[in-house]
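Trainee:
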Amino acid sequence: MSTFSYNTTLKNNTMESSDKENKYLRAKERVEELKKFYGNLTSYVVVISGLALINYFTNHFAYAWFLWAAFGWGIGIVFHAIKTFDLNPFFGKQWEKRKIEEFMRDDEQNNKWK
């Protein structure tokens with residue numbers, strides 16, 4: 001085995017392990033995002049249910065004030081879901097990926113003869 005083939009094999013193995021590590025880190029980050037979202041959603045359901053019970057026992061829904069809290073926190077839940085599940089059509093992860101690739105191509109073309 002020549003030195004060149006050894007170095008090439010070593011470099012390929014390093015690149016493969018680096019790629020697997022990057023995939024693992026991205027997957028782990030995604031799982032963390034999902035855990036945070038579902039934790040937020042669970043808190044929302046528990047707290048709003050508790051507020052609804054308090055509202056019922058204090059004035060039998062004569063004035064459903066708990067809906068203000070439900071509405072306000074619900075807006076936050078919607079935005080958290082948009083971020084977590086990449087539902088933003090304008091500046092989502094796909095847009096970000098396309099822009100990064102575009103800038104990398106532009107940089108490669110600009111620095112081609114330097």
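Per this note's numbering, the sequence shown runs over residues 1 to 114. Just so it is clear, CB atoms sit at the ideal spot from N, CA and C, and this is done for glycine as well.
(1) Could you give the residue range of the alpha helix (DSSP H) that holds residue 76?
(2) Since residue 51 and residue 66 are thought to touch, with beta carbons under 8 Å apart, how far apart are those beta carbons, to the nearest angstrom?
(3) Could you tell me the boundaries of the alpha helix (DSSP H) in which residue 138 lies?
(4) According to DSSP, is residue 51 helix, strand or coil?
(5) To the nearest angstrom, how far is it from the Cα of residue 28 to the Cα of residue 64?
(6) Secondary structure at residue 88, three-state DSSP: helix, strand or coil?
(7) Taking three-plus beta-carbon pairs below 8 Å as touching, is the region 104-113 in contact with the region 77-88?
(8) Does the separation of the CB atoms of residue 16 and residue 84 fall below 8 Å?
(9) According to the Cβ coordinates, are residue 69 and residue 54 closer than 8 Å?
(10) Would you identify the three-state DSSP class for residue 62, choosing helix, strand or coil?
Mentor: According to the structure data:
(1) Within the sequence shown, the letter at position 76 stands for residue 76. First-last of the alpha helix (DSSP H) with residue 76: 66-84.
(2) Walking along the sequence shown from the start, residue 51 turns up at place 51. Walking along the sequence shown from the start, residue 66 turns up at place 66. 4 Å between Cβ atoms; contact.
(3) Residue 138 is absent from the structure shown; the chain starts at 1 and stops at 114.
(4) Start at 1 with the first residue of the sequence shown, and residue 51 comes out as number 51. If DSSP states are grouped into helix, strand and coil, residue 51 belongs with the helices.
(5) Along the sequence shown, read from residue 1 onward, the residue named residue 28 stands at position 28. Along the sequence shown, read from residue 1 onward, the residue named residue 64 stands at position 64. Rounded to whole angstroms, residue 28 to residue 64 spans 41 Å at the Cα level.
(6) Within the sequence shown, numbered from 1, the residue matching residue 88 stands at position 88. Residue state, collapsed to three classes: coil.
(7) no
(8) Position 16 of the sequence shown holds residue 16. Position 84 of the sequence shown holds residue 84. No, the Cβ-Cβ distance between residue 16 and residue 84 is not below 8 Å.
(9) Start at 1 with the first residue of the sequence shown, and residue 69 comes out as number 69. Start at 1 with the first residue of the sequence shown, and residue 54 comes out as number 54. Going by C-beta atoms, residue 69 is not nearer than 8 Å to residue 54.
(10) Reading the sequence shown from its first residue, position 62 is the one you call residue 62. If DSSP states are grouped into helix, strand and coil, residue 62 belongs with coil.
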